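Structure first, commentary second.
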Amino acid sequence: MYDFDWSSIPGALPFLWEGMKISLEITLVAVIVGILWGTLLALMRLSGISPLAYFAAGYVNLFRSIPLVMVLLWFFLIVPQFMQAVLGLAPTADTRLVSAMMGFALFESAYYAEIIRAGIQSVPKGQVAAAYALGMTYGQAMRLVVLPQAFRNMLPLLLTQAIILFQDTSLVYVSALADFFGAAYKVGDRDGRLVELLLFAGAVYFVLCYGASYAVKRLQRRVSA
Amino acid sequence: MGYHWDWAVLFRAVPTGETTYLAWMLSGLQMTVMLSLSAWAMALVVGSLMGVLRTVPNRWLARLAAGYVEVFRNIPLLVQLFIWYFVLPELLPPALGTGFKQMHPVAQQFLASMVCLGFFTSARVCEQVRAGIQSLPRGQMHAALALGLTLPQAYRHVLVPMAFRLIVPPLTSEFLNIFKNSAVCSTIGLLELAAQGRQLVDYTAQPYESFIAVTLLYLMLNAIVMLGMRQVEKRARVPGYIGSGK
Amino acid sequence: MISIRRVSKFYGDFQVLADCSTEVKKGEVVVICGPSGSGKSTLIKCVNGLEPFQSGEIVVDDVSVGGPKTDLPKLRSRVGMVFQHFELFPHMTIAENLIIAQTRVLGRRPNEAMDKGLKLLERVGLTAHAEKYPGELSGGQQQRVAIARALSMNPICMLFDERTSALDPEMINEVLEVMVKLAQEGMTMMVVTHEMEFARKVARRVVFMDEGRIVEDARTEEFFGAPRSERAQQFLSKILHH
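Protein chains in written order, with our numbering: chain L, 39 to 263; chain D, 332 to 577; chain C, 75 to 316.
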């Protein structure tokens, strides 16, 4: 039988917490940017202006068709060069965190765009008509009438997507960035206790994500009630 | 930016000389396809079974299936993969664990990847199957039982076949996901498509050509699966059936 | 043939059936009526064990439905049932709907089952539709297929659940015709319906239910001539003047 030895975990907690902060930072940035950019994409797609609609549809379909791992590899490749060229950063600067944030934000906005589009379409057409009848412009109708209702309906889905995103941040492993999972792996590898550290990481993710999705479920019940 | 494009690199011979970089990439594609298909088959079987369990009258079985879904849904795929690959062989009875470790490394990677993707996806399939079954009118089950079918027979001949016809669209997106998720398996060294892309970058120092080629292959896979599933959807359509009223 | 003795059923604290007793003899047609929510449909579903009940006893052809050792699938295969929404299986053709239980439950050979199915289809006047899917048929046609499907099992009795007929009047007639014929051939039937014409024409007895109780259980002539309870009088005047 395997001899468990959990003793390397307590000492590593500060390091793991640093990693967790990185995971949460990436998640937060990607959720905020993703929802903003996703909303714009959704509005473009529904705007009825063909070039905008085609661009948005192309963007969404492209990002939804390629693996996240591939997207991250692309961003770890491109972003450093881009930042060197535009911002004049030294080639040695560590841009992995920024690359990860941009990669996740642009990738997730494709998924958010689809959720938001469905949310907007779930608002009855009569609402837009009523807004127009009151003399509102398209922008006002969207901002004041449609989007508030849409976001209320979509809130649970947006949050669920954020939980998925949080889980996906573990994939920054491909750039050896020490997010929570990366940190756990490093500690396990260093101490020869990979089994314990991986199980610990899995348990932490499970507790956090299960708790969060339970909260979302309760919220959903309240929204639909 | 002064990048030197060189698409011909794909047709150049690899350092050992016996084949080209393109062939590497195609072998990666083949691995991705094999892995995704075998994991999908597993996910369909396990997912259907669990989906049925989630709807059976027995409360304990239903709870067991619900717990199953939560476990696979709330742990990142990468973590699950590492647990299957690094942790499980240590925890298995020594005979099994050693047996696994004595297998060919590629076989180990493939097996762990398939089981991981299969179970991960099965939890999602399970939820779809459950939703499909629950969307059927209750009378369908009653009608099947009233004819004398046993509960398993009612599921097998009436509820499950009908539920599957209703959930083809969400299953299509799960099927697409499994191809995309298979790229995660590059992290344990399995030389599937994404891993071959990275290897090409390392060997050729032509990152853009390599990544563009790999990305295009993923787009192609995506398109093929969508076209295929559209055919399945056409076949699965039930003549005259309009939604489901309770 | 069917005897229901002091059956009570609860959903949690809510009592859906209270001390219901009645009897259907071989060859008898009994109509069960009453306002919606009175428990008629629940009662009829207790007869073949689709709805469990907490106390009392139901015996069908000497088999106790709630008994611990009762082989429910076997019992159900001998009791035909036709549902309110027909409940044909939408992914099977009409022919497949008629065959599935014959082969899977009774173990008949496929061609034997097919012969039987086609004969019944002819009987309900739908031979031309054997290869169609339920969704392609009208409500009345689906209802007749549902009757044929139940008959394909050679049932010893039939249960009909039609509380709020979803059919338009013309279709009701085509279905009633089939049911009247069945009754005349001596089929034992328990029918939940609002079709008082049907009750008057073929029922031996009428059972009137209200709030989970059997309020009246009388011979058809008596029930329509002079219902004893006030509830039944109200119900009848409402339904007949409709």
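In this text, a Cβ means the ideal position worked out from N, Cα and C, and glycines have one as well. Here the structure is a predicted model, which is why all the values come from computation and not from measurement.
Problem - 7 Å Cβ cutoff met for C:A277 and C:V103 - result: yes
Problem - Contact with chain D by L:Y150, beta-carbon distance below 7 Å - result: no
Practice task
Consider the Cβ of L:S61: report whether some Cβ of chain D lies at a distance smaller than 7 Å.
Solution key: no
Handout entry: C:D235 (DSSP reduced to helix, strand or coil)
Key = strand
Practice task
Determine, using beta-carbon pairs with one atom in the segment 189 to 206 of chain C and one in the segment 501 to 518 of chain D, whether at least three such pairs fall under 8 Å.
Solution key: no
Exercise for the section: For D:I406, decide whether its Cβ has a neighbour in chain L, counting only Cβ atoms nearer than 7 Å. Expected result: yes
Exercise for the section: Look up D:C457 in the DSSP assignment and give the residues it is bridged to. Expected result: Answer is none; D:C457 lacks a bridge partner.
Exercise for the section: Could you list which residues in chain C have their beta carbon closer than 8 Å to that of D:Y486, in chain order? Expected result: Under the 8 Å cutoff, chain C gives no residues; its nearest Cβ is about 12 Å from D:Y486.
Exercise for the section: May I ask you to report which of helix, strand or coil DSSP gives C:I132? Expected result: strand
Practice task
Out of L:F142, L:L81, L:D229, L:Q119, state which residue places its alpha-carbon closest to the alpha-carbon of L:V67.
Solution key: L:F142
Exercise for the section: Check the Cβ-Cβ distances between D:Q562 and every residue of chain C, and say whether any is below 7 Å. Expected result: Not an interface residue.
Practice task
Return no unless some Cβ of chain C is closer than 7 Å to the Cβ of D:T386.
Solution key: no
Handout entry: Cβ pair D:A477, C:M232 closer than 7 Å
Key = No. Outside cutoff.
Exercise for the section: Using a Cβ-Cβ cut-off of less than 9 Å, list which residues of the segment 541 to 554 of chain D approach chain L; keep chain order. Expected result: Cβ contacts with chain L come from F542, V545, T546, Y549, L550, L552, N553, A554.
Practice task
Using a Cβ-Cβ cut-off of less than 7 Å, give me the residues of the segment 164 to 178 of chain C that come near chain D, in sequence order.
Solution key: Within the segment 164 to 178 of chain C, contact with chain D at the beta-carbon level (separation under 7 Å) is assigned to P164, H165, I174, A175, R178.
Problem - Beta-carbon proximity of L:L209 to L:V98, cut-off 7 Å - result: no
Practice task
Would you mind reading off the limits of the alpha helix (DSSP H) that contains D:M381?
Solution key: 352 to 384
Practice task
Identify every run of the alpha helix (DSSP H) within the segment 67 to 136 of chain L, keeping only runs that are complete inside it and at least 4 residues long; order them along the chain.
Solution key: 88 to 103, 106 to 125
Problem - Within 7 Å, strictly: CB atoms of D:L384 and D:A397 - result: no
Handout entry: Per DSSP, cross-strand counterpart(s) of C:C107
Key = C:F282
Practice task
Return helix, strand or coil for D:V340, following the three-state DSSP convention.
Solution key: helix
Exercise for the section: Excluding the 5 residues preceding and the 5 following L:L182 in the sequence, name in chain order all residues of the same chain whose CB lies nearer than 8 Å to its CB. Expected result: Within the same chain, L:L182 has close Cβ partners A169, M174.
Exercise for the section: Return yes when the Cβ of C:S226 is within less than 7 Å of the Cβ of C:Q176, no when it is not. Expected result: yes
Exercise for the section: Evaluate D:Y486 with the Cβ neighbour count: other Cβ atoms within 10 Å of its Cβ, from every protein chain shown; 16 or more gives buried, anything less gives exposed. Expected result: buried
Problem - Distance CB(D:V569)-CB(C:H165) smaller than 7 Å - result: yes
Exercise for the section: Report yes if the CB atom of D:V545 is closer than 7 Å to the CB atom of D:L507, and no otherwise. Expected result: no
Problem - chain C within 7 Å of D:R281, Cβ atoms only - result: Residue numbering for chain D in the displayed model covers 332 to 577; residue 281 of chain D lies beyond these limits and cannot be assessed.
Exercise for the section: Inspect the beta-carbon positions of C:T262 and C:E236 and report whether they are closer than 7 Å. Expected result: no
Handout entry: L:L135 versus D:D337 - alpha carbon distance
Key = So the alpha carbons of these two residues sit roughly 30 Å apart.
Problem - Residue span of the beta strand (DSSP E) that contains C:E161, given as start and end - result: Counted as a single uninterrupted DSSP element, the stretch harbouring C:E161 is not any beta strand (DSSP E), since DSSP gives it neither H nor E.
Handout entry: Contacts around D:Q314, its chain only, beta-carbon distance under 8 Å, and the 5 residues preceding and following it disregarded
Key = Nothing can be reported for residue 314 of chain D, as the shown portion of chain D is limited to 332 through 577.
Practice task
State the start and end residues of the unbroken alpha helix (DSSP H) segment that holds L:Y170.
Solution key: 163 to 171
Exercise for the section: Specify the secondary structure class of D:A494 as computed by DSSP and reduced to three states. Expected result: helix
Problem - C:K190 in three-state terms, based on DSSP - result: helix
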